[in-house]
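Data first, discussion second: the structure below is written as structure tokens.
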Amino acid sequence: MNTFTSNDAKQKFGEVIELALQEPVSITRHGRPSVVVTSDADYRELLEFKYSRLQEEVAKGFDSFKDARKSSPSVDEIAAKVLKKASKH
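Residue numbers for the sequence shown follow this note's numbering, so the first one is 183 and each next one is one higher.
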């Protein structure tokens, strides 16, 4: 990955864009990584990946919730157990 300081990136903005169309370009500020410039196609691909992963995780959470509800007693079952215990005393 090509790296530019923020000052160099300002002065060579056209070069940064041309390079970013081929591969991501890192821009540093005060000697530390600050931002990455990438092509629109790569950015959209990254977003698509990110959102598909998010959808998978949300689906897993719903499935886990559904499974827990299936294995957990219903409110009526809990109430019946409580009433049964109460009637024994």
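For every residue, glycine included, the Cβ atom is placed at its ideal position computed from N, Cα and C.
A quick note: this is a predicted structure, and the numbers were derived from the prediction, not measured.
For residue i, count neighbouring C-beta atoms within 10 Å of its own C-beta (all shown protein chains included) and say buried if the count is 16 or more, exposed if not.
i, result
"V207", "buried"
"A241", "exposed"
"A191", "buried"
For residue i, report the span of its beta strand (DSSP E) as first-last.
i, result
"S208", "207 to 211"
Can you name the start and end residues of the alpha helix (DSSP H) that residue i belongs to?
i, result
"S216", "From DSSP, S216 is part of no alpha helix (DSSP H) but of the beta strand (DSSP E) over 214 to 219."
"Q204", "That residue, Q204, is in no alpha helix (DSSP H); it is neither H nor E in DSSP."
"S188", "188 to 193"
"S254", "Taken as a continuous stretch (DSSP letters only), S254 belongs to no alpha helix (DSSP H), as it is neither H nor E."
What is the C-beta distance between residue i and residue j, in whole angstroms, given that I count them as a contact (C-beta under 8 Å)?
i, j, result
"F278", "I209", "Residue coverage of the chain in this structure runs from 183 to 271, which leaves residue 278 outside it and unanswerable."
"N184", "L201", "5 Å"
Three CB pairs or more closer than 8 Å across the stretch 228 to 237 and the stretch 209 to 217: no
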